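Colleague: So the sequence lines, in the order shown, correspond to chains A and B.
Residues 435 to 549 (my numbering) are what the first sequence spells out, left to right.
Residues 105 to 215 (my numbering) are what the second sequence spells out, left to right.
Pasting in a structure now, in structure tokens, and then I'll have a few things to ask.
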Amino acid sequence: ETGVTQSPTHLIKTRGQQVTLRCSSQSGHNTVSWYQQALGQGPQFIFQYYREEENGRGNFPPRFSGLQFPNYSSELNVNALELDDSALYLCASSFGGTGGLETQYFGPGTRLLVL
Amino acid sequence: TQLLEQSPQFLSIQEGENLTVYCNSSSVFSSLQWYRQEPGEGPVLLVTVVTGGEVKKLKRLTFQFGDARKDSSLHITAAQPGDTGLYLCAGVGAAGNKLTFGGGTRVLVKP
């Protein structure tokens, strides 16, 4: 069973640029959630995708957008990067649709630095 | 907005000592989870507590969920250097699809 993988591991961008982060979910999982973890803080929920549809969104501006593909992998896109976007971006996969508590399995994250 | 506050933010102890980490909220969560995160890795789930007043033990780790399901604690007995890491509590929303994390407690266990 393959775990959650993310790419790239590290990324450096400049203000105003756009970035795409990728996540491959664990085998058998149909749900991907994205979190932003600033240095020294806990992760903050960005949004979740279930069967290719957005299924909940946190308090992030529209320049944070996402996609989920038929194979349940996912992308996080951030436009017009700001310095405060520098953080570890975590994706977590789970098997959803049961209406109950779903255990989320986290990937190692992508560390983004915006200069 | 549901918020979770963890205390202390940082804890440094000697091997063999005990420690307790607290997680408090003004809101009720359907359940609460504890994670441990090591540098360069994502959080790893340790336990989920669901019922108010519930106590779960995982070897030297004891987790409690408050009666009102607004607070929780993690107690580590006879801490070892391998317990070093960032401990995060996370509240699970009613829909089960969103985790609200606390700010984390960084634990350092010195040999």
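C-beta atoms are modelled at their ideal positions from N, C-alpha and C, and glycine is treated no differently.
These figures come from a predicted structure and were not determined experimentally.
Under 8 Å, do V211/B and G189/B count as touching if we go by C-beta distance?
Modeller: Yes; because the gap between Cβ atoms is below 8 Å, this pair is in contact.
Colleague: Is there a C-beta anywhere in chain B that falls below 8 Å from the one on Q475/A?
Modeller: Cβ-Cβ to chain B under 8 Å: yes for Q475/A.
Colleague: What residues of chain B sit near L524/A, judged by a beta carbon separation below 8 Å?
Modeller: Correct list: G146, P147.
Colleague: Judging by CA-CA distance, which residue of K202/B, L203/B, G195/B is the nearest neighbour of C127/B?
Modeller: Of K202/B, L203/B, G195/B, the residue nearest in Cα terms is G195/B.
Colleague: How would you call G474/A, buried or exposed, if buried means at least 16 neighbouring beta carbons within 10 angstroms?
Modeller: Label assigned to G474/A: exposed.
Colleague: Does the Cβ of L547/A have 16 or more other Cβ atoms within 10 Å, making it buried, or fewer, making it exposed?
Modeller: L547/A is exposed by the Cβ-count criterion.
Colleague: Would G189/B count as contacting chain A if we go by Cβ distances under 8 Å?
Modeller: No, no contact with chain A.
Colleague: Evaluate the contact criterion for the region 499-518 of chain A versus the region 535-543 of chain A: three or more CB pairs, one atom per stretch, below 8 Å.
Modeller: Counting Cβ pairs under 8 Å, fewer than three are found: no touch.
Colleague: Return helix, strand or coil for D187/B, following the three-state DSSP convention.
Modeller: D187/B falls in the helix class under three-state DSSP.
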